[in-house]
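Asks: Have a look at this one before I ask anything.
Chains as they are written, first to last, in this note's numbering: chain A, 1 to 107; chain B, 1001 to 1355.
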């Protein structure tokens, strides 16, 4: 799973969001490190919808336009949970290694 | 016309770059997201924004990249776009193979030439691939670039797309520097042909490598890997043999050789293409794309003969035109099959529904 897809799924983990809402949430979750462009976002959403990890939740009228809200499917929640476990395990390994005394860095 | 329509219209115009099936599914949603990114909630400010603002360049660039990925489709793309994607991927590999064959020839010269020079990566002079005089950089860099094309070709086949793209961009820039040096020092023997080669065999494949994205399936590994030594033997053996037997004039130049090889491939593929069998259209499209590149190379390189830059022999122009005609005739046989992929109906993919 790519970093962008991981953040998009995470943004939807606590409830449905519309396109620009996802962009804002991803920026906040990543502390500004991931700034999704709309073109990139819909590339990711299309792929996740195709894989059955997200689905349309509802459509709402806003300023004369329809906003579509997306939510995680059961498979999406499972995939996100699995990916989070994998990343957490990797982070644990890294922290353990960094805690061990090793050769001093040059400089 | 209202201000709201102006900005919205500008976004919709940018989104026309995307394929129709994709626009049908996502356009309204994307426009809403684009507009949301501008609106502040203050009616006066929003009115000005909607009337005078234009889509940001970065946002348009993201749409262009998305369009490239969709038109050059990978796994899960509608049949028509998947066929385009495969044809472009095969064409890129075939064009890179030309570089790789030249790289292999450089290696042959390194290992076989008497008295290896330098650190072993520069063939002993006189070599068929002698770099241009008047250059600034060490000749080894030029030869090394030739060998890196082999690595790029293999990396693409093995699925290391990002590494291949970065390396290809670097080597294309290197080739451009060499070419520019030759141009400014007057060392280019055939300026039209050399620039055409760089544009068609460096720049075009580097740009078309956009087709190798994360959804792109791996190509069949062994046939492509074996195609490299086979192509090398096909190209490298006849030329020295003709020279050794005193028939050097029979050996065509690189554009001519490319015309003959692509025409031969078109003729070999024609029975399958004409049989109406399913699944031949991707290879027909690949060969048509290759033929277009090769024709362009042949036509531009003929300008060198016409202007007397290289080998002032009117006979060569006649031979070049004959090669061109042979290629056009051979390509015409497979064009109808290639066109079949264009008329294939896109496979509708599942639209997410409220659940």
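By construction, the Cβ of each residue, glycine as well, lies at the ideal position given by its N, Cα and C atoms.
Which residue's Cα is closest to the Cα of residue 1081 (chain B): B:1291, B:1009 and B:1020?
Replies: Translated into the one-based positions of the second chain, residue 1081 (chain B) becomes position 81. Closest by alpha carbon: B:1020.
Asks: Just the C-alpha distance for residue 1218 (chain B) and residue 1161 (chain B), rounded to the nearest angstrom, thanks.
Replies: Position 218 of the second chain, counted from the start, is the residue given in the question as residue 1218 (chain B). Position 161 of the second chain, counted from the start, is the residue given in the question as residue 1161 (chain B). Rounded to whole angstroms, residue 1218 (chain B) to residue 1161 (chain B) spans 10 Å at the Cα level.
Asks: Which value, in whole angstroms, describes the spacing of the CA atoms of residue 1091 (chain B) and residue 1287 (chain B)?
Replies: By one-based count along the second chain, residue 1091 (chain B) stands at place 91. By one-based count along the second chain, residue 1287 (chain B) stands at place 287. Their backbone Cα atoms lie some 8 Å apart in a straight line.
Asks: For the beta strand (DSSP E) that contains residue 61 (chain A), what are its first and last residues?
Replies: Translated into positions along the first chain, residue 61 (chain A) becomes position 61. It spans 54-62 - the beta strand (DSSP E) in which residue 61 (chain A) sits, taken as one unbroken run.
Asks: With a threshold of 7 Å between beta-carbons, can residue 30 (chain A) be considered close to chain B, or not?
Replies: The count along the first chain starts at 1 and reaches residue 30 (chain A) at position 30. So, not an interface residue.
Asks: Taking only three categories from DSSP, how would you classify residue 108 (chain A)?
Replies: Residue 108 (chain A) is absent from the model: chain A starts at 1 and stops at 107.
Asks: My output table needs one value for residue 1298 (chain B): the three-state DSSP class, helix, strand or coil.
Replies: Position 298 of the second chain, counting from 1, holds the residue named residue 1298 (chain B). Correct three-state label for residue 1298 (chain B): helix.
Asks: Chain B partners of residue 67 (chain A), CB-CB under 9 Å?
Replies: Looking up residue 67 (chain A) in the first chain gives position 67. Those within 9 Å of residue 67 (chain A) in chain B are 1029, 1032, 1033 and 1036.
Asks: According to DSSP, residue 69 (chain A) sits in a beta bridge with which residue or residues?
Replies: As a working note, residue 69 (chain A) is residue 69 in the first chain. For residue 69 (chain A), which the question treats as bridged, DSSP gives the partners A:18 and A:58.
Asks: Could you work out which residue in A:7, A:18 and A:38 is closest to residue 69 (chain A) when comparing CA atoms only?
Replies: For the purposes of this step, residue 69 (chain A) is taken as the residue at position 69 of the first chain. Looking at the Cα atoms, A:18 is the closest of the given residues.
Asks: So with CB distances below 7 Å, who are the chain A contacts of residue 1063 (chain B)?
Replies: Within the second chain, numbered from 1, the residue matching residue 1063 (chain B) stands at position 63. Ordered by position in chain A, the residues that pass the 7 Å Cβ test against residue 1063 (chain B) are 39.
Asks: Buried or exposed, going by whether 16 or more other CB atoms sit within 10 Å of the CB of residue 1166 (chain B)?
Replies: Position 166 of the second chain, counted from the start, is the residue given in the question as residue 1166 (chain B). Under this definition residue 1166 (chain B) is an exposed residue.
Asks: Along chain B, in chain order, which residues have C-beta atoms closer than 8 Å to that of residue 46 (chain A)?
Replies: Your numbering for residue 46 (chain A) matches position 46 in the first chain. In chain order: 1022, 1025 and 1026.
Asks: Does DSSP put residue 1220 (chain B) in a helix, in a strand, or in coil?
Replies: As a working mapping, residue 1220 (chain B) is identified with position 220 in the second chain. Of the three classes helix, strand and coil, the one that applies to residue 1220 (chain B) here is coil, per DSSP.
Asks: In the segment 1006-1071 of chain B, which residue ranges form an unbroken alpha helix (DSSP H) of at least 4 residues, counting only runs that do not cross its ends?
Replies: Within the segment 1006-1071 of chain B, the complete alpha helix (DSSP H) runs of at least 4 residues are 1020-1036, 1043-1052 and 1057-1071.
Asks: Would you verify that the beta carbon of residue 1066 (chain B) is, or is not, closer than 7 Å to some beta carbon of chain A?
Replies: On the second chain, position 66 is the one that residue 1066 (chain B) refers to. It does; some Cβ of chain A falls within 7 Å.
Asks: Would you call the CB atoms of residue 1300 (chain B) and residue 1196 (chain B) closer than 7 Å?
Replies: Taking the second chain and counting its residues from 1, the one referred to as residue 1300 (chain B) is at position 300. Taking the second chain and counting its residues from 1, the one referred to as residue 1196 (chain B) is at position 196. Yes, Cβ-Cβ distance for residue 1300 (chain B) and residue 1196 (chain B) is below 7 Å.
Asks: Using 10 angstroms around the beta-carbon of residue 1200 (chain B), count the other beta-carbons present and answer buried if the total reaches 16, otherwise exposed.
Replies: Translated into positions along the second chain, residue 1200 (chain B) becomes position 200. The residue is buried, with at least 16 neighbouring Cβ atoms inside 10 Å.
Asks: Assuming the contact rule is C-beta atoms closer than 8 Å, residue 1085 (chain B) and residue 1076 (chain B) should be a hit. Round their C-beta distance to whole Å, please.
Replies: Here residue 1085 (chain B) corresponds to residue number 85 of the second chain, with the count starting at 1. Here residue 1076 (chain B) corresponds to residue number 76 of the second chain, with the count starting at 1. Contact flag wrong, Cβ pair sits at about 11 Å.
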